[in-house]
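Q: Protein chains in written order, with this note's numbering: chain A, -11 to 250; chain B, 42 to 427. Even for Gly, the Cβ is constructed at its ideal location relative to N, Cα and C. Note that the structure is a prediction, hence the values are computed from the model and not measured. Dumping the structure here so I can ask a few things about it.
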Amino acid sequence: MRILAALKQVPDTSEVRIDPERGTLIRDGVPSIMNPFDAYALEEGLRWRDALGGEVIAITMGPPQAEAILREAISMGADSAILLSDRSFAGADTWATSHTLAAAVRKIGGIDLVLTGKQAIDGDTAQTGPGIAASLDWPQLTFVGKVREIADSVIVAERDVEGGVEIVECPLPAVISILKDANSPRMPSLRGKMKARSAVITCWGRADLGLTEEETGLDGSPTRVVRIATPEARSGGAVHTGTADEMAVVLADLLLGKEAGR
Amino acid sequence: MDYGLSEDILSIRELCADIARRHIRPVREELDRENRFPHEVMKILADSDLLRIYIPEAYGGLGMGSLALCVAAEELSRACAGIATTYAANALGAMPVILFGSEDQKSRYLPVLASGEKLAAFALTEPDAGSDAGGIRTRAARHGDAYVLNGTKQWITNGGEAGVYTVIALTDPDRGARGASAFIVEDGTPGFSYGKKEDKMGIRASATRELIFEDCSVPAANLIAREGMGFMVAMKTLDNSRPGVAAQAVGIAQGALDEALAYAAQRKQFGQRIDSFQGIQFMLADMATSIEAARALAYSAARMIDSGAKRFEKEAAMAKVFASDVAMRVTTDAVQILGGYGYMKDYPVEKMMRDAKITQIYEGTNQIQRSVIAAALIREAASREK
Chain A
-11 MRILAALKQV
-1 PDTSEVRIDP
9 ERGTLIRDGV
19 PSIMNPFDAY
29 ALEEGLRWRD
39 ALGGEVIAIT
49 MGPPQAEAIL
59 REAISMGADS
69 AILLSDRSFA
79 GADTWATSHT
89 LAAAVRKIGG
99 IDLVLTGKQA
109 IDGDTAQTGP
119 GIAASLDWPQ
129 LTFVGKVREI
139 ADSVIVAERD
149 VEGGVEIVEC
159 PLPAVISILK
169 DANSPRMPSL
179 RGKMKARSAV
189 ITCWGRADLG
199 LTEEETGLDG
209 SPTRVVRIAT
219 PEARSGGAVH
229 TGTADEMAVV
239 LADLLLGKEA
249 GR
Chain B
42 MDYGLSEDIL
52 SIRELCADIA
62 RRHIRPVREE
72 LDRENRFPHE
82 VMKILADSDL
92 LRIYIPEAYG
102 GLGMGSLALC
112 VAAEELSRAC
122 AGIATTYAAN
132 ALGAMPVILF
142 GSEDQKSRYL
152 PVLASGEKLA
162 AFALTEPDAG
172 SDAGGIRTRA
182 ARHGDAYVLN
192 GTKQWITNGG
202 EAGVYTVIAL
212 TDPDRGARGA
222 SAFIVEDGTP
232 GFSYGKKEDK
242 MGIRASATRE
252 LIFEDCSVPA
262 ANLIAREGMG
272 FMVAMKTLDN
282 SRPGVAAQAV
292 GIAQGALDEA
302 LAYAAQRKQF
312 GQRIDSFQGI
322 QFMLADMATS
332 IEAARALAYS
342 AARMIDSGAK
352 RFEKEAAMAK
362 VFASDVAMRV
372 TTDAVQILGG
382 YGYMKDYPVE
392 KMMRDAKITQ
402 IYEGTNQIQR
412 SVIAAALIRE
422 AASREK
């Protein structure tokens, strides 16, 4: 099995500031972490590698400092890591990002399974995984809560759907997005941390992937954020107490638009 | 303070802090309350390679030495001394094999201890032989290719949980301490059973139990070193482990200071944060200063061991006695700073104060440590006069 875990570095805070002109996140000065959902994808990859043999390659697209999460992935047990980094990748939306990641999947070659978290905690789009699949014309299984079996180039997985679980069989290669119910990500090991410190991380730019400027970064991104606004805060509501009969009157008055209890 | 720790040792600290945050702090109160052994956490520590650090590389370890073990024990103790004791006692149990084991014994036992497949324990203390370890009565009588053990060991950390025990017993009772020998005894050996599990004041996540030997036959191949070397094996083992106890004490104290600082910053009385009062400030300053001094002493003793020094019992004892006294004082002061809240089980400092006490007692009481230090001083002075 050759498994690719696609990871994203995200700001470690809910207090993300937004660039009012460009409508994008300001990442400067905010500590960065591996997207928590992606840790489940990585763990799932490591478990299947441990069970079936093969390798787990961690990949991310981002600025040079995104290398930190790749080293973290190696400390947890990933065999190698690839950083996709190029000035022309900057400002990519999910379309351009998945297009770029798909190009890397092709360049690596022989990938059986691409694993992603269900979504990133910064953009919350849940689009990049499906985008990679679409760009590669591979099947995709999103919101997978459990991978039941991988054998003979077929994966059987449980997808969480509204009100139930869908058990799906799918030929490999495929792209899977993993829910946090799937597993509990392991701690790094000391030997992993030592290996991660000295690991050489492959870095590919736009030219390495054979992509044009029009396909990558801001130029390759059809999405334009028109406006970002904070929803109005809800008021706290009101609590009324009393007997059921009294409350019925209060409720009826409120529904009729009268002041309660009058 | 910057101790110039290597990248590898800093990785140990980071890893232990990470494990403490994710897997120890959330469960420590429950383990303490229920007197429950931390199986899950030990599995995580094993999977993270932390049981490998003190085992030589030739046997599946990382061969990182005493300072590495100290840093791990310190950082784990900062979160829970009960779990740290389980961890450190495991190293203590492996130590006689590491220091004195034969090639055969090392290759049979160290790899399974490195991986965490089995835990280890060290068994010296008996009901009537504590500080006077020379007074042990457990017998090991030679019968052909085996030794038959009879007797009881008391207060054995990891007792009942470990798979491998290093046990000190008398092969020649007439010679007293010089007639003691060290043996490796595996869990499940016929005639080897466990007595009552102790209900302790502190370090309650750690298992403390009696070991009972009734005509327990141990292969002669499990004799460590030679007959009569047992007391020396035990003393050298303890000399090697004492900086680790010092580091545990430093960790407990640091954990208590962390809590006291955080509390003093948010607690308001007389309309202001209590850390704005000089009375509290001076306590915090003294706590931090004494912790740093204890840490410096513990690390120095560990570095001395790692440098290959022949004799270090004085320095190891100094580190242990100083750091454990600091831990008792600092945890008591932390409870004081938290006041009524500190006395309640809702806050972790009362546990830390209970946990700290054992560091003044186990692996040689602080009174015995002072005797060791004084004996070394007098011996050194006498040899200078010659």
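Just checking my contact of V8(B) with A203(B) at CB under 8 Å: how many whole Å lie between their CB atoms?
A: Any property of residue 8(B) remains undetermined from this structure, which presents chain B solely from 42 to 427.
Q: Reducing DSSP to helix, strand and coil, say where C257(B) ends up.
A: Numbered from its first residue, the second sequence carries residue 257(B) at position 216. DSSP places C257(B) in strand when its eight states are reduced to three.
Q: Using the Cα positions of A217(A) and V227(A), report the straight-line distance between them to the nearest angstrom.
A: Your numbering for residue 217(A) matches position 229 in the first sequence. Your numbering for residue 227(A) matches position 239 in the first sequence. Each residue's alpha carbon lies about 30 Å from the other.
Q: Determine whether the Cβ of S223(A) lies closer than 9 Å to any Cβ atom of chain B.
A: As a position in the first sequence, residue 223(A) is number 235, starting the count at 1. Taking Cβ atoms only, chain B never reaches closer than 9 Å to S223(A), which makes this a no.
Q: Please confirm whether G193(A) has its beta-carbon closer than 9 Å to some beta-carbon of chain B.
A: Indexing the first sequence from 1 puts residue 193(A) at position 205. Not an interface residue.
Q: From the DSSP output, in three-state form, read off V82(B) for me.
A: Stepping through the second sequence from its first residue, residue 82(B) is reached at position 41. V82(B): helix per DSSP, three-state reduction.
Q: Out of Y235(B), V413(B), N199(B), S258(B), point me to the one whose CA is closest to D186(B)'s CA.
A: As a first step, residue 186(B) must be located in the second sequence, where it is residue number 145. Out of Y235(B), V413(B), N199(B), S258(B), S258(B) has the C-alpha closest to the C-alpha of D186(B).
Q: How many Å lie between L(-8)(A) and A92(A) at the Cα?
A: Locating residue -8(A) in the first sequence gives position 4, where the first residue counts as 1. Locating residue 92(A) in the first sequence gives position 104, where the first residue counts as 1. Roughly 10 Å between the two C-alpha positions.
Q: Going along the chain, which unbroken runs of the beta strand (DSSP E) with 3 or more residues stay wholly within the region 184 to 259 of chain B?
A: The region 184 to 259 of chain B contains these whole beta strand (DSSP E) runs: 187 to 198, 205 to 211, 221 to 227, 233 to 238.
Q: For a test of your reading of the model: does the CB of S118(B) fall under 8 Å from any non-hydrogen atom of the ligand NAP? Yes or no.
A: No copy of the ligand NAP appears in this structure; indeed no ligand is present at all.
Q: Going by the CB atoms, is the gap between V205(B) and D169(B) shorter than 9 Å?
A: Here residue 169(B) refers to the residue found at position 128 of the second sequence. Here residue 205(B) refers to the residue found at position 164 of the second sequence. No, these two residues do not count as a Cβ contact at 9 Å.
Q: Give the list of continuous alpha helix (DSSP H) stretches no shorter than 4 residues that lie fully inside the region 82 to 162 of chain A.
A: DSSP runs (the alpha helix (DSSP H)) wholly in the region 82 to 162 of chain A: 82 to 96, 116 to 124.
Q: Reducing DSSP to helix, strand and coil, say where S172(B) ends up.
A: If you number the second sequence from 1, residue 172(B) lands on position 131. Coil, per DSSP.
Q: Under 9 Å between C-beta atoms, does E98(B) make it to chain A?
A: Walking along the second sequence from the start, residue 98(B) turns up at place 57. Chain A contact via Cβ: absent.
Q: With H, G and I counted as helix, E and B as strand and the rest as coil, what does DSSP make of R250(A)?
A: The residue given as residue 250(A) occupies position 262 in the first sequence. Legend: pLDDT at R250(A) = 49, less than 50; position of this residue unreliable, value from coordinates given subsequently. Three-state DSSP puts R250(A) in coil, outside helix and strand.
Q: List, in order along the chain, the chain B residues whose C-beta lies closer than 7 Å to that of S177(A)?
A: Your numbering for residue 177(A) matches position 189 in the first sequence. Neighbours of S177(A) on chain B, chain order: D88, S89, D90.
Q: Would you say G33(A) reaches chain B, if we count a Cβ-Cβ gap shorter than 9 Å as a contact?
A: Translated into positions along the first sequence, residue 33(A) becomes position 45. G33(A) does not count as touching chain B.
Q: Identify each residue in the region 42 to 60 of chain B for which the Cβ-Cβ distance to at least one residue of chain A is less than 9 Å, and report them in chain order.
A: The residues in question are E48, D49, S52, I53, E55, L56, D59, I60.
Q: How long is the line joining the alpha carbons of R250(A) and L244(A), rounded to whole angstroms?
A: Here residue 250(A) corresponds to residue number 262 of the first sequence, with the count starting at 1. Here residue 244(A) corresponds to residue number 256 of the first sequence, with the count starting at 1. Bear in mind that a pLDDT of 49 at R250(A), under 50, signals an unreliable position, so the model cannot answer this.
Q: Kindly say whether K168(A), judged by its beta-carbon, lies nearer than 9 Å to any beta-carbon of chain B.
A: Taking the first residue of the first sequence as 1, we reach residue 168(A) at position 180. It does not: the Cβ of K168(A) has no partner Cβ on chain B nearer than 9 Å.
Q: Please classify R5(A): does DSSP put it in a helix, a strand, or coil?
A: As a position in the first sequence, residue 5(A) is number 17, starting the count at 1. Strand, per DSSP.
Q: So S20(A) is in the alpha helix (DSSP H); what residue range does that whole segment cover?
A: Taking the first residue of the first sequence as 1, we reach residue 20(A) at position 32. Looking at the DSSP string, S20(A) is not in any alpha helix (DSSP H); the run it does join, the beta strand (DSSP E), is 20 to 22.
Q: Taking only the alpha-carbon atoms, compute the straight-line gap between A114(B) and K181(A) and give it to the nearest angstrom.
A: To locate residue 114(B), count along the second sequence from 1; it is residue 73. To locate residue 181(A), count along the first sequence from 1; it is residue 193. Rounded to whole angstroms, A114(B) to K181(A) spans 19 Å at the Cα level.
Q: List, in order along the chain, the chain A residues whose C-beta lies closer than 7 Å to that of L29(B)?
A: In this structure chain B extends from 42 to 427, so residue 29(B) is not present and cannot be described.
Q: Using DSSP bridges, identify the partner residues of C191(A).
A: Position 203 of the first sequence, counted from the first residue, corresponds to residue 191(A). DSSP, once it has assigned bridges, lists L71(A) as partnering C191(A).
Q: Can you grab the Cα-Cα spacing for the pair S331(B) / D90(B), in whole Å?
A: Within the second sequence, the letter at position 290 stands for residue 331(B). Within the second sequence, the letter at position 49 stands for residue 90(B). Distance between the alpha carbons of S331(B) and D90(B): 31 Å.
Q: List the endpoints of the continuous beta strand (DSSP E) containing L160(B).
A: Indexing the second sequence from 1 puts residue 160(B) at position 119. Counting along the chain, L160(B) falls outside any beta strand (DSSP E), and DSSP gives it neither H nor E.
Q: Check whether the Cβ atoms of L325(B) and A364(B) sit closer than 9 Å, and answer yes or no.
A: If you number the second sequence from 1, residue 325(B) lands on position 284. If you number the second sequence from 1, residue 364(B) lands on position 323. Against a cut-off of 9 Å, the Cβ pair of A364(B) and L325(B) comes out as no contact.
Q: Can you pull out the residues from the region 411 to 422 of chain B whose beta carbon lies closer than 7 Å to at least one beta carbon of chain A?
A: For the region 411 to 422 of chain B, which is checked against every Cβ of chain A, not one residue is closer than 7 Å.
Q: For S86(A), I'd like the list of residues in its chain whose CB is within less than 6 Å of its CB, leaving aside the five on either flank, ordered along the chain.
A: Position 98 of the first sequence, counting from 1, holds the residue named residue 86(A). Once the five neighbours on either side are set aside, the close Cβ partners of S86(A) are T116, G119, I120, S123.
Q: From L211(B), L108(B), G102(B), pick the residue whose C-alpha is nearest to that of Y428(B); which is it?
A: Absent from the model: residue 428(B). The displayed extent of chain B is 42 to 427, so no value can be given.
Q: Just to confirm my understanding: we take D100(A), look at its own chain, exclude 5 residues before and 5 after, and list those with CB closer than 7 Å. What are they?
A: Numbered from its first residue, the first sequence carries residue 100(A) at position 112. Correct list, in chain order: M(-11), R(-10), I(-9), L160, P161.
Q: Against chain A, with Cβ distances strictly below 9 Å, would R93(B) count as a contact?
A: Here residue 93(B) is taken as the residue at index 52 of the second sequence, counted from 1. So yes, R93(B) belongs to the interface.
Q: Considering only residues of the region 255 to 339 of chain B, which uninterrupted beta strand (DSSP E) runs meet the minimum length of 3 residues and lie entirely inside it, listed in chain order?
A: List check, beta strand (DSSP E) in window: nothing returned.
Q: Run down chain A in chain order and give the residues with a C-beta less than 8 Å from the C-beta of I85(B).
A: Translated into positions along the second sequence, residue 85(B) becomes position 44. Neighbours of I85(B) on chain A, chain order: M175.
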